[in-house]
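Here's the structure, in structure tokens; my notes come after.
Residue numbers (this note's numbering): 207 to 552.
The following block contains the structure:
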């Protein structure tokens, strides 16, 4: 394996040596001077009224990730904030081989903007390029969700959360802690906030077991896709809760003794995509057996991950179509999902 060394930072001309030689057969690379290598980025952040916004957090994130807490190690100052004129600029940015997006968001929980922010269109940072971006940070949109039973009556005590339609992550409330969740009141109402104008979201409804409340494995779960409001009026969205449970029971067999295994249901993403947030999940026992109740009707991605002796691990995945009031028995053999049986619960 060739060993690369450099004399950058010395008084000599910049040079990269490979095993003590300045040339090496079979290697093809280019050495840039700093001024010919780093990119420069300038951004202007304004609100919907065209006014500049100060103290807005801005950072680069990979375009193929839904984790807004992750930033690209291409800049010296990973997080920056806009000035009074709504601008910020950054220099000495390393080129990237993956598309990135500039993410901007206001961190004031009492402010008029959604805390999760917005991002630019994807782009790849090329050497020695100048990038100028104009980004509009919209005012947050809100909605009132009313949960109804099958007879159209308000339903109290249902856990309601709003999920990002692309990645499946919760943003209202922006937490997965049980104590932070919102439950419908006696009128079946829950207030939702933090929406972006006209975005596609998922309304998640969950009935938790009162004796053992588990947000990740509730007694019954529903999922309803809706489009958020485009204007700033608080829109009422009525959702009917289907209280017929769904149970997925099965076994994980990774081909080795199990130290730990977890089974998760995803409602977004394509096969093999692990960047999304699971909708429900449960741990399997040492024999690989599991019972998952918190899945919504429709098509889900069922995934498992298992670890065994000496750190050995394996994952498996398969698509599963489930209906309300249905019991499904499945099995993961190595990496493949097999549906063994389906039958009505009632």
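Each residue gets a CB set at the ideal place from its N, CA and C atoms; glycine is no exception.
Ends of the beta strand (DSSP E) at residue i?
i: residue 507; result: 504-513
i: residue 294; result: 293-299
i: residue 398; result: 395-401
i: residue 428; result: 426-433
i: residue 410; result: 406-413
i: residue 368; result: 365-370
i: residue 544; result: 542-550
i: residue 498; result: 495-498
i: residue 376; result: 376-378
Per DSSP, what are the beta-bridge partners of residue i in this structure?
i: residue 340; result: 250
i: residue 525; result: 507
i: residue 453; result: 533
i: residue 490; result: 467
i: residue 349; result: 398, 441
i: residue 311; result: 263
i: residue 270; result: BP columns for residue 270 are empty, so no partner.
Can you tell me which of the options puts its alpha carbon nearest to the alpha carbon of residue i?
i: residue 289; options: 252, 482, 386; result: 252
i: residue 437; options: 347, 296, 430; result: 347
i: residue 269; options: 420, 398, 308; result: 308
i: residue 380; options: 392, 390, 366, 391; result: 366
i: residue 271; options: 481, 426, 496, 477; result: 481
i: residue 406; options: 427, 375, 497, 486; result: 375
i: residue 422; options: 472, 478, 488; result: 488
i: residue 478; options: 450, 523, 458, 485; result: 523
i: residue 343; options: 311, 335, 360, 364; result: 311
i: residue 260; options: 296, 428, 313; result: 313
i: residue 526; options: 548, 257, 303; result: 548
i: residue 392; options: 420, 315, 359; result: 359
i: residue 542; options: 530, 457, 493; result: 457
Give the C-beta separation of residue i and residue j to the nearest angstrom, bearing in mind that I take them to be a contact with Cβ-Cβ under 8 Å.
i: residue 287; j: residue 262; result: 6 Å
i: residue 170; j: residue 501; result: This structure gives no information on residue 170, because the portion of the chain shown stretches from 207 to 552.
i: residue 373; j: residue 505; result: Incorrect: roughly 17 Å between the Cβ atoms, too far for contact.
i: residue 528; j: residue 536; result: Not confirmed; about 10 Å, so no contact.
i: residue 394; j: residue 362; result: 7 Å
Between the beta-carbon of residue i and the beta-carbon of residue j, is there less than 7 Å?
i: residue 306; j: residue 247; result: no
i: residue 512; j: residue 499; result: no
i: residue 490; j: residue 470; result: no
i: residue 349; j: residue 441; result: yes
i: residue 431; j: residue 401; result: no
i: residue 328; j: residue 301; result: no
i: residue 455; j: residue 345; result: no
i: residue 357; j: residue 444; result: no
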